[in-house]
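Student: Taking numbering that gives the first Met the number 0, I'd label the letters of the sequence shown as residues 0 to 505.
Here a beta-carbon is modelled for each residue, glycine too, at the ideal position from N, C-alpha and C.
Everything numeric in this text was worked out from a predicted model, so none of it was measured.
This is the structure I have questions about; it appears just below.
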Amino acid sequence: MDARSAKALSKDDWANMASDAESIFEGRCFINGEYVDATDGGKIEVINPATNEVCGTCAAGNEKDIDKAVAAAKESFKARTWRKMAPRKRMGIMMKFADLLQQNTAELALMDSMNMGKPISDCLNVDVPASAVNIRFMAECIDKMYGKVANTHEKALNLSVREPYGVVGLISPWNYPLLMGVWKIAPALAAGNSIVLKPDEHSPHSCIKMAELFVEAGGPPGVFNVVTGHGEEAGQSLALHQDVSKIGFTGSTEVGKLLLQYSGQSNMKKVSLETGGKSPMIYFADLPDMELAVSTAYDSIYANMGEVCNAGSRIYVERAIYADFVDQFIAEGQGAYTPGDPLDPETNMGPLMSANAQKRVLGFIESGKNEGAKLKFGGNIPTGLESGCFVEPTMFADVNNDMTIGREEIFGPVASIIPFDSQEEAVAMANDTIYGLCASVWTSNVSRAHNMAKDIESGMVYVNCYDVGDMTFEFGGYKQSGNAKDSCFDSVLGYTQSKSIWYNLG
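If you want it as structure tokens, here you go:
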């Protein structure tokens, strides 16, 4: 069902579709253009966090299944069925792939909503259309990866060309199953690689479906393979595989470090990482628009239930406006997001992705109270939603960087508001973290904004806005937030390697 039809569906319509999820949600591996069971026959139950009930299964793939998928990818790369296809033909297949995603909007949206609790309205209005945009952009990059010719003497020719790595292993997260999967597969495919995708086992179904749609669009078998399974089995096997030339990963910093170790233990495969964050939002007294500033602050931490790597989880406010900012945040932010049934199109906040995630976030909230932060609202499981993995939007004031909630990545809807007295102090506090993914500066002083943007140790800085931009904006961090650049032209180049060629013409 396409986007227009899907957006017309009611809560009852979605509930009816959900009741038939077992027939919609394909959970087998997809290898060499076909659906196959895990070699050992194992399955993993996928739990709907809104109800804590099983909504489907996926194959419990392991080393044997990874070996099969890598062999299929390696064979397709050796056969040059994809990488040597005419660029315009590859572009056409990628464009058709994007079209098919949108033609299957309802199914893909339902998968993500039931797998990880994302509101169906977010899936329809953000995740599916943004995924299609990303694929189309990457398709347009295919014939724009130019080589270079150096200026040499007349009897020589020095060329530099970009070539695909070969077999690329991709590991995608559960918080944006479809979209983050696309952020990995689209540039890797555009660069000419053959891929093996290992989606998170909590939310695998939309990624499995994508592989089917790629083949339906005309993609050759073996170019796009999917193996589901636990990270310590399928993921580790993929990262250690001697025939995998590169790993692309989005997920936790801890797992990112393991992948770097696995590279050294295997074939020194290249590893690109997009990992954790503890992003600062910095509000000066001369900010241009208080209402916009406050709404951006709560949107940055409560959207997607706070399960976002670049969530604005540290909100620094200059002391001169601190009290007013806190009061307005309470007045507006407390009711801006209301947890509810993710399949209700009116719901704008779903559950956390699992009971373990709920327990972890509630533990952070308790630590905030115990360490002296002032709980202004939230902090509980919403009344009437006890059967799911819900947590209320939560806000603490008078936090500092020494508190657990001011230092560690919570990955939940918990806002921490922190006062500061000077520009120098704001920079020092913003940089007082192992992470460096994203930051935002709010001021009417252009000079201050420019200096702050340079001084903050972050891969992305927004001025008087947050989490906006387009495909020209490079998404990636500093420090332990990783080394990748996603959702941009450079992400395609990141899945290529440079080769120098010297011709003796004399």
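So, for K154: in the same chain, excluding its five sequence neighbours on each side, which residues have a beta-carbon less than 6 Å away from its beta-carbon?
Tutor: Closer than 6 Å at the Cβ level, and outside the excluded window around K154, lie L504 and G505.
Student: Alpha carbon to alpha carbon, how far is T249 from G383?
Tutor: Those two C-alpha atoms are separated by around 34 Å.
Student: Keeping to the same chain, check which residues put their C-beta closer than 6 Å to that of T432; ignore five residues upstream and five downstream.
Tutor: Same-chain partners within the cutoff: K277.
Student: Quick one: what's got a C-beta closer than 6 Å to M144's C-beta in the same chain, skipping five residues either side?
Tutor: Contacts found: R161.
Student: Let me make sure I understand the geometry here. Which of F419, G387 and G371 has the alpha-carbon closest to that of I404?
Tutor: For I404, the nearest C-alpha among the options comes from G371.
Student: Specify whether the region 25-36 and the region 222-239 touch according to this definition: at least 3 beta carbon pairs, one from each stretch, less than 8 Å apart.
Tutor: Cβ pair count under 8 Å is three or more, so yes.
Student: Name the one or two DSSP bridge partners that P418 has.
Tutor: Bridge partners of P418: V316.
Student: At the level of alpha carbons, what is the spacing between D121 and Q101?
Tutor: Rounded to the nearest angstrom, the two C-alpha atoms are 14 Å apart.
Student: For the region 242-324, which segments carrying the beta strand (DSSP E) assignment without a break, of at least 3 residues, lie completely within its bounds, in sequence order?
Tutor: The region 242-324 contains these whole beta strand (DSSP E) runs: 245-249, 269-273, 279-282 and 313-317.
Student: Throw me the rounded Cβ distance for the L351 and V390 pair, which I believe falls under 8 Å.
Tutor: The pair is a contact, with the Cβ atoms about 6 Å apart (cut-off 8 Å).
Student: With a Cβ-Cβ cutoff of 8 Å, do G180 and F96 count as a contact?
Tutor: Contact: no.
Student: For A37 versus Y494, is the C-beta spacing smaller than 8 Å?
Tutor: Going by C-beta atoms, A37 is not nearer than 8 Å to Y494.
Student: Taking 7 Å as the cut-off, is the beta-carbon of M394 closer than that to any non-hydrogen atom of the ligand PLP?
Tutor: Within the structure as shown, the ligand PLP is missing, as the structure has no ligands at all.
Student: Quick test of your reading: A138 and M94, contact by CB under 8 Å. State the CB separation rounded to the nearest angstrom.
Tutor: So it is a contact: roughly 5 Å between Cβ atoms.
Student: Beta strand (DSSP E) containing C437: first to last residue?
Tutor: Where C437 is concerned, the enclosing beta strand (DSSP E) stretches over C437 to W441.
Student: Taking 8 Å as the CB-CB limit, is D340 close to chain C?
Tutor: Considering every chain present, this structure includes no chain C. It has just one protein chain.
Student: Going by the CB atoms, is the gap between M115 and S202 shorter than 8 Å?
Tutor: A contact, by the Cβ cut-off of 8 Å.
Student: Would you mind reading off the limits of the beta strand (DSSP E) that contains P86?
Tutor: Element bounds for P86: not the beta strand (DSSP E) but the alpha helix (DSSP H), P86 to Q102.
Student: By Cβ distance, which residues of its chain are closer than 8 Å to E232, with the 5 residues on each side in sequence left out?
Tutor: For E232, where only same-chain residues beyond five positions count, the Cβ hits under 8 Å are A59, G60, N61 and E62.
Student: Identify whether D343 lies in helix, strand or coil by the three-state DSSP scheme.
Tutor: Here D343 sits in coil by DSSP.
Student: With DSSP run on the structure shown, which of helix, strand or coil describes K154?
Tutor: Here K154 sits in coil by DSSP.
Student: Assuming K6 contacts L123 under a Cβ cut-off of 8 Å, what Cβ separation, rounded to an integer in Å, is found between them?
Tutor: Between L123 and K6 the Cβ distance is about 6 Å, and since that is below 8 Å, they are a contact.
Student: Pull up the distance between the alpha-carbon of S159 and that of M0, whole angstroms please.
Tutor: The straight-line gap from Cα to Cα measures roughly 45 Å.
Student: Taking only three categories from DSSP, how would you classify Q479?
Tutor: It is coil, neither helix nor strand.
Student: Just verifying my parser: in three-state terms, what is the DSSP assignment at L196?
Tutor: Here L196 sits in strand by DSSP.
Student: Grab the span of the alpha helix (DSSP H) containing F363 for me, first residue to last.
Tutor: That run of the alpha helix (DSSP H) goes A354 to N369.
Student: Going by alpha carbons, who is nearest to F472 out of C464, S486, F376 and V462?
Tutor: Looking at the Cα atoms, S486 is the closest of the given residues.
Student: On the CB-based measure, 16 or more other CB atoms within 10 Å of its CB, does Q479 come out buried or exposed?
Tutor: Q479 should be labelled buried.
Student: By Cβ distance below 7 Å, which residues in the same chain neighbour G481 in space, the five residues on each side in sequence not counted?
Tutor: Closer than 7 Å at the Cβ level, and outside the excluded window around G481, lie G255, L272, E273, T274 and G475.
Student: Can you tell me whether R313 is buried or exposed, with buried defined as 16 or more other CB within 10 angstroms of its CB?
Tutor: Buried: at least 16 other Cβ atoms inside 10 Å.
Student: Using DSSP with H/G/I as helix, E/B as strand and the rest coil, what is M0?
Tutor: It is coil, neither helix nor strand.
Student: Taking the Cβ atom as the reference point for each residue, do S4 and S193 lie within a distance shorter than 8 Å?
Tutor: No, the Cβ-Cβ distance between S4 and S193 is not below 8 Å.
Student: Check this for me: beta carbons of A185 and I134, under 8 Å apart or not?
Tutor: It is a contact, given that the beta carbons lie within the stated cut-off.
Student: Put G234 into one of helix, strand or coil per three-state DSSP.
Tutor: Note: G234 maps to helix in three-state DSSP.
Student: Mind the definition here: the region 405-418 touches the region 364-381 only if three or more C-beta pairs lie below 8 Å; say whether that holds.
Tutor: Short answer: they touch.
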